[in-house]
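Numbers 26 to 155, taken from the working numbering, label the letters of the sequence shown in order.
C-beta atoms are modelled at their ideal positions from N, C-alpha and C, and glycine is treated no differently.
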Amino acid sequence: MSGNENAYDLLQEARKLLGQRKPAQAACLLERAKAMEPHRGSIIEALGIAYYNSGRHEQASREFEEALEIDPTNHYARFGLGRCLHRAGQLRLAIGQVKLAAAMAPEMELYGETLRRLQRELGARGGTGA
């Protein structure tokens, strides 16, 4: 990137890197973009994805929560938060978030599939799970 970079260009380059399965590199660009535009939901959501795919689930969770503060109707951020909660062992909270995401965007088959998988996991645990 040149010295004349902007947040939009950084976001676009980061999305390419995410598509190439290079989330750590994408996160670096997105951190710079967020510093330029700290309240841009699309940047924050993408940073959550990059962190999640880099194995940085706690940081991802914070980004998804921040994206939801900006836009509570962001179904993908809600889904991402649910995945982070699941990784943290908070299965019931994860199910709640994924259930909301599935209700907000019923056309997203991934949400419904994930919800059913998490509910099966909860059932296999005998209904226990933070």
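Close-in-space but distant-in-sequence residues of the same chain around residue i (CB under 8 Å, 5 per side omitted)
{"i": "Leu55", "result": "Leu35, Leu36, Ala39, Ile68, Ala71, Leu72, Ala75"}
Cβ distance (whole Å) where residue i is taken to contact residue j below 8 Å
{"i": "His111", "j": "Leu143", "result": "6 Å"}
{"i": "His82", "j": "Cys109", "result": "5 Å"}
{"i": "Gly105", "j": "Tyr77", "result": "6 Å"}
{"i": "Ala92", "j": "Gly66", "result": "5 Å"}
DSSP state of residue i mapped onto helix, strand, coil
{"i": "Arg141", "result": "helix"}
{"i": "Arg112", "result": "helix"}
{"i": "Ala130", "result": "coil"}
{"i": "Glu70", "result": "helix"}
{"i": "Gly152", "result": "coil"}
{"i": "Ser27", "result": "In this predicted model, Ser27 has a pLDDT of only 48, less than 50, meaning its place in the structure is not dependable enough to derive any value."}
{"i": "Arg117", "result": "helix"}
Cut-off 6 Å between Cβ atoms - residues of its own chain near residue i, not counting five sequence neighbours on either side
{"i": "Met26", "result": "Annotation note: pLDDT 46 at Met26 (below 50); position unreliable, no value reported."}
Same chain only: Cβ atoms within 7 Å of residue i, ignoring 5 sequence neighbours per side
{"i": "Lys124", "result": "Leu140"}
{"i": "Pro48", "result": "Ala75, Asn78, Ser79"}
Query - Stretch pair the region 126-141 + the region 97-105: three plus CB contacts closer than 8 Å - result: The answer is yes - the region 97-105 touches the region 126-141, with three or more Cβ pairs under 8 Å.
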